[in-house]
Amino acid sequence: MLFIRLILIMSVVSATLFVHAGETAHIQGKLANGLAYHIFHVPSADKRLVLRLQVNVGAADENEEEEGLAHIVEHMVFQSAPDFPSGLSDTLNGQGWQLGRHYNAQTGYYFTRYLLTPPQGKKQLGNALAVYRQILSPRSFSPADWTKEKQVILSEWRQQQTLEGRLKRQEHALLYSGSRQARYAPIGSKTAIENARIEAIDAFRQKWYGSNNAVLVVMGDIDPEKTATAIETSLGRLKPIPLPERRLEEYEPVLKTGWHTGYVRDKDNTDHKIALVFRFGNALSQSNNTEGYYQRLLDNFAAYIIHRRIEQSGQPVSLKSGNIGKKTGSLGFYMDAAPNRHAAATDNLRELHQHILQQPATDEEVAAYRKILHGNMKPTGLADDLNQTVLLVDNILLNGKPLPTVENRKTERGQLYRINVAAVNKRIGEWLNADDKLLIIQASNSEKPVPPNINPLPAGKLKAATQPVIGKPFFAVHKGQGRIVSEGYDSDNKVSYLQFENGDKAVLLQHPSANGKLYFKAVSETGYLHSDVNAWQAQLAAKIIANSAPAGFTATQLKQWQQQQGIKFAYQLSGDKQITGAQVPQAGFEKLLQLYRSRQTAPTTDNWQETLEAEAVKLLIYLQSVPGRQELELEQLRFGVPESRPANGDEIRALDRGELLNQWQKLVSSPVNYYIVSNMPSEKIKTLLAQYLADIPRSTAVHSVPALQEGATLRRAPINDTDGTDINAWSWQAFYDWTPDTSEQIPLLVNLANARLKDELRSRRQSAYGVKFTAMPQPSHNRVESNLFFSTTPERAAEAWQAAQQVLTRLPENISKTEAYNLQRLFIEQEAKRRQNPEVWLERLAASHRHYGDARYLGRLPELHRTIIQTRLRQTAKLLWSEQNARALLIDPQK
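Numbering of the sequence shown is given in the numbering used here, commencing with residue 250 and proceeding in unit increments.
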C-alpha cells in the first residue's frame, strides 16, 4: 500500500510540471493516517518557505467544562516534550527563530493554526516538519510548564480587556446569539484559565490532536515530489484518532422572528452607534459545488447593488456582510449616532432600508457589474507570488473554500450568465425582508436610549428618502495670482524642486510605480501645540472643518463628487504637524487641488453645534475612564504637564463658530511643503500647483517642539481595571547625524529588539504578554523616541521592567554576524516590495527633503543593503534606548 501511494503522489506531481511559466503549481494529497496536505510550488519564492498546520478544533468545540482549553493547548504544545526537553519554543529561539516572525500560532472558533516561516527558508523544511510532528504527537504536558505558561495566558487575557475589545465582544455575542461562538472569546474567561487542570488540558489535546484532524500546507520554490516524500517520511507514522461527533446545529445562530434589540455598553464608552442587521440562512452560498458558485456570485451582485444604493443616498452608512455560521449569513447597516439620538439614527437606517427595496436593480446595472466580474474571472492559474499564495491559503483554502484555479475559474465564469436582474432583486428582497431583524445600539452607560420605533414608516417620508441627489456642484476655477519664484531639478533621481511666492515648496518625483495616479502629501510643521493656538480648541476646529463639505456642496454631494473623481483625501493633525494625504487619477489632479484649496482658504463648519455637544458629553466620561486616566498619566510622564483640555463640557459648549474658524486660520497660516509622486509630465503639474497653491496666504511661524522630560524615572498609578500591570515606558535621546542608512536600519533593529524582548519576557520568564517595542526616528526634532509596552502581574512588574531594560541596553553588543546577515536578507526581501509601492516612495521623498533638503535618500537606496552589516548595526542599535531618559509608567490594578 505504501508503494502504491507513493506512485500516486508522483503521478500528481508530474501533472503539475506543465503549469505555464509565471504560475504557481498546486498539488494535494492525503496520507494513510488521514493527514491532508497541500504543496504550492511558487517559482519566484527564491529561498523563502512558508508552512501552515491547521488542527480542526477551536473554541466552538469546547464543552461547558472545557472553556479556554483549545487556546491553552495551542500554548502548551510549545513547551517541553520528549524530542525537545528544554521546550519547543526555547529550542527554536536558540536556533535563531523569532516568535511572531518565524513561528506563531492562533486559535479561533473553528481551528487552531500553527504558522512557520523558517529563518533559513526551504533548507529548513525538515526542521519545520519536525516541529509539526511534535505538535501532533501524543504526549502529556508538564504541570510545571502549565504553572508558568498560565501566567502568559493570563497576561494575554488582560491585554484583550480593552474598551474596544469589550465592545466587540458584546456585539459578537449579539450577532452570533444562540450558537457556541456566542459564549465567550476564544481565550475564555479569567476564571476558566485560572481553574484549568493539567488533566483536562491533556484530555482535550488527546481528543482532537490527531493526524486525521489536521491539514498541512507547504509553500515555496520547492520540488513537489521531494516535498511530498518529506511529508510522508516525517509525518506518515503519526496515528489517527477517533474524533468526537459535532452537533452541527449548536454551531449556528438561533434566528428569531421579527424585530429584536441588543445593547452594547461599557463604563468607558463615549461613542454612540446604531446597526440594523438582517440574519438569514445561506447554506447554498457556502457549498463548494457548482450551485455554490452561482449562489456566491448572486450574493456579490446583490451586495453590489445595495452598496450602490447606499452611495446614492449619501448617508454616512457602512455595509457589512458575511457568514456567521456554516449555513447562516448576515448583512448589516452601520452608522454613528449622536448622544440621545439613537431613535433618529434608527429611523434613518429604516428609511434607507425601505429606499433600497423601492429602488430595484436595473438591467443596465446588472450588465455593467457582470462585465466587471467577467474581466476579473480570466481562467489563469495561480499567480507566481508567495505573499498572494499565503493569503489564498489563509483566507480561502484553510477556510474550506475552493481556490481560484483555472478549472474553478471556468466553473465560476460559467455561472455568471445565469444571473439576471430578477434573481438579483429576489436575493436583495430575501436579505432585507429576512424574518430576523436585529438592532444593535451602542451607548454610554449613563444613557437610556429611547426604544426604537418599529412601526411601519409613513409613506410620505419614504418617498422623500428615495429621491436621488440632483445637481452637479463644482469648484470655480481659480485664476491664481501667485507664481513659482525658483526651480531646481535632480536628473539622477528625476526630482523637481519648486519654491512658491508665498513661501510654500513643492517636491515632485517622477516614478513608474504611480501607474497613472498621482500621490500627494502636504506637510505643515505647525500642530495643535503651536504657541499661537489653543490646543483643544484647535483640535475641535480641525475635526469639524475636516468633516465639513465645501461651500456649494452637501455632505452627500461631496462624497459622490469624490467617488466620481476618484479622489481619496485625508487630513491629520498632531501636536507638531498637519498632514494632508491624497491620491487621484492623473486626470483629476486639478479637482484635488481645488478641494485642498477650499479647505485652506474657505473652510466650512457643518453641524458644528452638534459636534460640540457630542464632545461635551464625551469629555466627562473619558476623563473618568481608564484610557483617559492613563493618557493623562503618560502626558505627565513625558512632558511634565498634561496637555491643555477644557475644564468641563460647558466650556466646549461655549465655543462659537467664529472662534473655531479663528483657530483653523492660525493652524493653516504656516508654510507648507508639498510632495508628489506621479508618472505624468511635470510641466502640467507645475502649472496647476502655481495656479492653486502659490497664492494661499501664509505667515512666518515659530515652530514649537514639545519638550520631553529628561532623566530616568519610574511611576506607578493604581488605575487599571484588571488585576494585571501594564508597563508603558518611553525613552529618548538626541541625534543629529542622520543618514539614509540609519533611517532604514532602525526598523530592522526594532524587529530584532522585539524578538529579544519576547524571548526574555515571555519565553524565559513566562510572565509577560503583548510585548511591543517601537522606535520613532524624528530627524526634524533631532532625536529618536522609543516606546516599550507589555503586561504582567503586579508583583513581577518591577523585575520585568528591569529585565526589559537590560535586553535593550545590551542589544548593541549582542548582535551576531548571523543576525546581521538575516536582517540584510529581510531588508532585501522587503525592499523588493517597497519599490513597487508609490506611497512608500512618497514617504521617502518627504523624509529626504524635510531632513536633507534634497533627494539623496532616494539615490542611496540601491546601495543601502551593503550597510546592513554587524558593525554598522551595532552602532545604530545604540539609538534605540537611553537609560538616562528612560521614563516608565506602571499602571497597576485599582486599589
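For glycine and all other residues, C-beta sits at the position ideal for the given N, C-alpha and C.
Give the straight-line distance between the Cα atoms of residue i and residue j, rounded to the nearest whole angstrom.
| i | j | result |
| --- | --- | --- |
| Lys620 | Pro628 | 15 Å |
| Leu647 | Val464 | 8 Å |
| Asp310 | Lys505 | 24 Å |
| Ile645 | Gly1102 | 47 Å |
| Leu711 | Gly563 | Residue placement at Leu711 is poorly supported in this model, since its pLDDT is 44, which falls under 50; the coordinates are not used for a value here. |
| Ile559 | Gly574 | 26 Å |
| Leu938 | Ser1097 | 21 Å |
| Tyr1123 | Gln811 | A quick correction: the sequence has Arg, not Tyr, at residue 1123. Distance between the alpha carbons of Arg1123 and Gln811: 48 Å. |
| Lys1127 | Val1020 | 20 Å |
| Thr949 | Pro920 | 7 Å |
| Ala431 | Gln827 | 43 Å |
| Arg1074 | His1114 | 8 Å |
| Asn969 | Lys1144 | 9 Å |
| Leu341 | Phe390 | 19 Å |
| Ala1137 | Leu872 | 21 Å |
| Ala725 | Ala671 | 43 Å |
| Thr396 | Val322 | 13 Å |
| Gly649 | Trp346 | 30 Å |
| Arg495 | Met325 | 24 Å |
DSSP beta-bridge partners for residue i?
| i | result |
| --- | --- |
| His604 | Per DSSP, none; premise fails for His604. |
| Ser814 | Correcting the residue identity first, residue 814 is Gln in this sequence and not Ser. Answer is none; Gln814 lacks a bridge partner. |
| Pro387 | Looking at the DSSP assignment, Pro387 forms no beta bridge with any residue, so it has no partner. |
| Glu1034 | Trp981 and Met1025 |
| Arg514 | Ala692 |
| Glu272 | Ala632 |
| Val526 | Gly581 and Leu687 |
| Phe453 | DSSP, once it has assigned bridges, lists no residue as partnering Phe453. |
| Lys279 | Ala285 |
| Arg1136 | Thr962 and Trp979 |
| Ala819 | Gly830 |
Assuming residue i and residue j form a contact by the criterion Cβ under 8 Å, report the distance between their Cβ atoms to the nearest whole angstrom.
| i | j | result |
| --- | --- | --- |
| Ala196 | His287 | Limits of the chain in this structure are 250 at one end and 1144 at the other, which puts residue 196 out of reach. |
| Ala1195 | Phe527 | Residue 1195 is absent from the structure shown; the chain starts at 250 and stops at 1144. |
| Arg407 | Gly973 | 4 Å |
| Leu778 | Ile816 | Contact doesn't hold; Cβ gap of about 30 Å is too wide. |
| Pro722 | Gly801 | 5 Å |
| Leu416 | Val513 | 6 Å |
| Ser762 | Ser931 | The pair is not a contact, with the Cβ atoms about 16 Å apart (cut-off 8 Å). |
| Glu542 | Glu661 | The sequence given here places Tyr at residue 542; Glu does not occur at that position. That belief holds up - the Cβ atoms of Tyr542 and Glu661 are roughly 5 Å apart, short of 8 Å. |
| Val833 | Gln814 | 7 Å |
| Leu1060 | Ala1002 | 6 Å |
| Asn742 | Leu337 | Actually they do not touch by this definition, with Cβ atoms about 48 Å apart. |
| Leu385 | Tyr458 | 6 Å |
| His727 | Gln940 | 6 Å |
So the beta strand (DSSP E) residue i belongs to, where does it begin and stop?
| i | result |
| --- | --- |
| Arg1045 | Where Arg1045 is concerned, there is no enclosing beta strand (DSSP E), given that its DSSP letter is neither H nor E. |
| Leu302 | Leu298 to Val304 |
| Glu884 | Taken as a continuous stretch (DSSP letters only), Glu884 belongs to no beta strand (DSSP E), being part of the alpha helix (DSSP H) at Val875 to Phe888. |
| Ile436 | Per DSSP, Ile436 belongs to no beta strand (DSSP E) and is neither H nor E. |
| Gly731 | It is not in any beta strand (DSSP E) - Gly731 carries neither H nor E in the DSSP assignment. |
| Arg965 | Thr962 to Asn969 |
| Asn977 | Thr974 to Ala983 |
| Thr478 | Looking at the DSSP string, Thr478 is not in any beta strand (DSSP E); the run it does join, the alpha helix (DSSP H), is Pro473 to Leu484. |
| Ile901 | Looking at the DSSP string, Ile901 is not in any beta strand (DSSP E); the run it does join, the alpha helix (DSSP H), is Gly898 to Arg902. |
| Ala851 | From DSSP, Ala851 is part of no beta strand (DSSP E); its letter is neither H nor E. |
So residue i is in the alpha helix (DSSP H); what residue range does that whole segment cover?
| i | result |
| --- | --- |
| Phe550 | Thr539 to Ser562 |
| Gly307 | Per DSSP, Gly307 belongs to no alpha helix (DSSP H) and is neither H nor E. |
| Glu323 | Leu318 to Met325 |
| His623 | Asp612 to Asn625 |
| Ala671 | Val670 to Leu681 |
| Asn342 | Leu337 to Gly343 |
| Val1089 | Pro1087 to Tyr1101 |
Three Cβ pairs or more, each shorter than 8 Å: is that satisfied between the stretch 517-532 and the stretch 569-587?
Using a C-beta cut-off of 8 Å, the stretch 517-532 makes contact with the stretch 569-587, since at least three inter-stretch Cβ pairs fall below that distance.
With three or more beta-carbon pairs closer than 8 Å as the criterion, would you say the stretch 783-790 touches the stretch 832-849?
The stretch 832-849 and the stretch 783-790 do not touch, with fewer than three beta-carbon pairs separated by less than 8 Å.
Is it the case that the stretch 887-899 contacts the stretch 957-970, given that we only count it when at least three CB pairs across the two stretches are under 8 Å?
Yes: the two stretches touch, three or more of their Cβ pairs being nearer than 8 Å.
Can at least three beta-carbon pairs, one atom from the stretch 763-776 and one from the stretch 919-933, be found at a separation below 8 Å?
Yes, the stretch 763-776 is in contact with the stretch 919-933.
Pairs of beta-carbons, one from the stretch 1022-1035 and one from the stretch 347-360, closer than 8 Å: are there three or more?
Counting C-beta pairs with one atom in each stretch, the stretch 1022-1035 and the stretch 347-360 have fewer than three that are closer than 8 Å, which means they do not touch.
Three or more beta-carbon pairs under 8 Å between the stretch 992-1011 and the stretch 1036-1054, yes or no?
Contact between the stretch 992-1011 and the stretch 1036-1054 is present, because at least three Cβ pairs lie under 8 Å.
Please confirm if the stretch 425-440 is in contact with the stretch 488-507, defined as three or more CB-CB distances below 8 Å between the two stretches.
Result yes; three or more Cβ-Cβ pairs closer than 8 Å.
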